[in-house]
Amino acid sequence: AGYPPPMPAGYPPATPAGYPPAAPAGYALYESAPQTDMPQTAAHASHTAPQEYWGQPAASAPYGTPYGYTPQVAAPSSAPWPHGYAPPAATPAGKRSVIRPEDANHWKALGRTIDEYERKNAELALQDSTAKLKNVESRAQAEKARLHELEQKLAKAAKEKHKVEEDKWYPGKHLTSHKKQEERASEKLKEYEKISAEVNAHKLKLDGLRSDAASAKAVLGQAQADLQALQRAREERSMLVIKLFKGQGTPASDATEDALESELDSYAPKLAEVKMTKQTYSMAAMELDMAVKGIEKATQMTQQAYGRANADLVLGLGPTNGPLGAANDIQKRRALQDANNTYQMAIQNMARAKMHIPDLPNVSEATIHQPPVFGDLIFDNIISDMIVRKQIQKSLAMMQKTQAEAKEALGWLNGKISSTVDPELHRLEAMYESKSNELEAYRAKLLSAAATT
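509 is the number of the first residue of the sequence shown in this note's numbering; add one for each residue after it.
And the structure:
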């Protein structure tokens, strides 16, 4: 009793007269938009800001910024900000670009270097010189093989010529057929000289090709050096531009450059999202395509087993009918096992596609969790052969149904990619490229204006 105690008389005290004070003339209450250094008009007095604070010039505000006050900058209505992207604070409209002349001159010099190598068409020159060197080396290799063949023929002709020369002075042959030996020696000499001339001609040709190959290598080396210099200049200029402009509010940027960069950055999350969607749909489509092909292969194996099952009815009592029936049963069992394994792999492909795209139509949970199409089948007698034949017929019908589901789902996926994903991806890529080119051109304009050489 008596708790809590009553309030003392006169507590809490009354608010003093004239408190809170009214906003001084020419000043406005704080609002959600950033304050400027100029006093606000009385038209802002209707805003619901804390009454104890009124707008003050930034340089002389006695109370500073109100507690919890954070200026918010609304995104332009035309800017398609994607989910999760928050635009940075706006750059003051009057901000001017400040670029050191040495940085601008260096950027301009790199541009001249790039123009020089691009006029040389360094990339095409490298391709041409590589192709020419490959062609010359191939011809030189063929010429070397031909020369080796001719040198072997020359060695053989030299050996035959030497033998005829020796036989010409053999006493028996010299007395009986001197004239004939002279004719043979003359023929062998002519043959040797002819082959020798060919060898010398091909040596000269090979030397020429080797010289051409050396020249082509020199040209290729120069083309490689030019291309490397071009790539270095491009990379250096790109790094310089990033150093000067990357990020909001850099000294080199102005309000326009910051706005262009901000808009370009806003496209990146959405573009990445659509690319990821395209990749996911493509992977699911690949799985379904493998499933369709796998079921087709399993169906062919099952049809082969069905043909052997029909043969069993003709052969009679299976293995008891002799080695022919036993061999047929073995082939049938092997075909059914292969068909079952292939079909189960196709079902797994469909399950993975369903994991990529949970709302994938025409692929039911019952389909991707179905048991093996063939269990433990017995091939002992004509009764069991008839049962197996009936089971194969059922399995063929189920495979055809599953394959139809996979084909329908694959058609849906391909249609989704071609009608929705690809057009959106191309649209965003075009927008990104256009805005990137616009930003690059504006930065080049700022740099050109700052250059002194």
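Glycine included, C-beta positions come from ideal geometry on N, C-alpha and C.
It should be emphasised that the depicted structure is a prediction, and the values quoted were computed from it without experimental measurement.
Residue i - DSSP class collapsed to helix/strand/coil
{"i": "V871", "result": "coil"}
{"i": "I750", "result": "helix"}
{"i": "H877", "result": "coil"}
{"i": "S995", "result": "There is no way to answer for residue 995, as the model of the chain reaches only from 509 to 961."}
{"i": "T961", "result": "coil"}
{"i": "K687", "result": "helix"}
{"i": "Q756", "result": "coil"}
{"i": "V606", "result": "coil"}
{"i": "I900", "result": "helix"}
{"i": "T866", "result": "For clarity, residue 866 is Pro in the given sequence; the question names Thr instead. The answer is coil: DSSP assigns P866 none of H, G, I, E or B."}
{"i": "L768", "result": "helix"}
Buried/exposed call for residue i, threshold 16 Cβ in 10 Å
{"i": "E626", "result": "exposed"}
{"i": "D623", "result": "exposed"}
{"i": "P579", "result": "With a pLDDT of 40 at P579, under the threshold of 50, the modelled position of that residue is not reliable, and the figure given next carries that caveat. The residue in question, P579, is exposed, as its Cβ has fewer than 16 Cβ neighbours within 10 Å."}
{"i": "T910", "result": "buried"}
{"i": "E674", "result": "exposed"}
{"i": "E795", "result": "buried"}
{"i": "S956", "result": "exposed"}
{"i": "E701", "result": "exposed"}
{"i": "G923", "result": "exposed"}
{"i": "N818", "result": "exposed"}
{"i": "Q559", "result": "With a pLDDT of 36 at Q559, under the threshold of 50, the modelled position of this residue cannot be trusted, and the question is left open."}
{"i": "A776", "result": "exposed"}
{"i": "D715", "result": "exposed"}
{"i": "S926", "result": "exposed"}
{"i": "M858", "result": "buried"}
{"i": "T850", "result": "buried"}
{"i": "S586", "result": "Any reading at S586 must be qualified, since the residue scores a pLDDT of 44, below 50, and its modelled position is unreliable; the value itself is stated next. S586 should be labelled exposed."}
{"i": "K840", "result": "buried"}
{"i": "M546", "result": "Because M546 sits at a pLDDT of 38, beneath the cut-off of 50, its placement in the model cannot be relied upon, and the point is left open."}
{"i": "I803", "result": "buried"}
{"i": "E690", "result": "exposed"}
{"i": "R620", "result": "exposed"}
{"i": "I855", "result": "buried"}
{"i": "S646", "result": "exposed"}
Range covered by the alpha helix (DSSP H) that runs through residue i
{"i": "P931", "result": "D930 to A958"}
{"i": "I622", "result": "P609 to R627"}
Cβ-based neighbour list, residue i, same chain, cut-off 8 Å, excluding 5 preceding and 5 following
{"i": "R608", "result": "A958"}
{"i": "V644", "result": "L717, D720, A721 and A724"}
{"i": "L904", "result": "T807, T810, Q811 and Y814"}
{"i": "L772", "result": "Y940, K943, S944 and L947"}
{"i": "S872", "result": "E913"}
{"i": "Q908", "result": "T807"}
Proximal residues to residue i (C-beta, below 7 Å), its chain only, five neighbours per side dropped
{"i": "A731", "result": "A630, A633, L634 and S637"}
{"i": "V800", "result": "Q911, A914, K915 and L918"}
{"i": "R742", "result": "I622"}
{"i": "H670", "result": "none"}
{"i": "K603", "result": "D762 and A763"}
{"i": "H614", "result": "L748"}
{"i": "A737", "result": "Y625"}
{"i": "E668", "result": "K696"}
{"i": "A648", "result": "L714, L717, R718 and A721"}
{"i": "M853", "result": "G802"}
{"i": "I703", "result": "L658, K661, L662 and A665"}
{"i": "E699", "result": "A665"}
Presumed contact (8 Å Cβ cut-off) between residue i and residue j, rounded CB distance
{"i": "T810", "j": "I895", "result": "Between I895 and T810 the Cβ distance is about 16 Å, and since that is not below 8 Å, they are no contact."}
{"i": "L641", "j": "A724", "result": "4 Å"}
{"i": "L655", "j": "K783", "result": "With a Cβ gap of about 57 Å, L655 and K783 do not count as contacting."}
{"i": "V707", "j": "L662", "result": "5 Å"}
{"i": "H864", "j": "A792", "result": "4 Å"}
{"i": "K696", "j": "E651", "result": "Between E651 and K696 the Cβ distance is about 27 Å, and since that is not below 8 Å, they are no contact."}
{"i": "D734", "j": "K628", "result": "6 Å"}
Test: residue i CB closer than 8 Å to a CB of chain D
{"i": "E873", "result": "Protein chains in the displayed structure number just one, and chain D is not present."}
Own chain partners of residue i with C-beta closer than 6 Å, once the 5 adjacent residues on each side are dropped
{"i": "P869", "result": "W920"}
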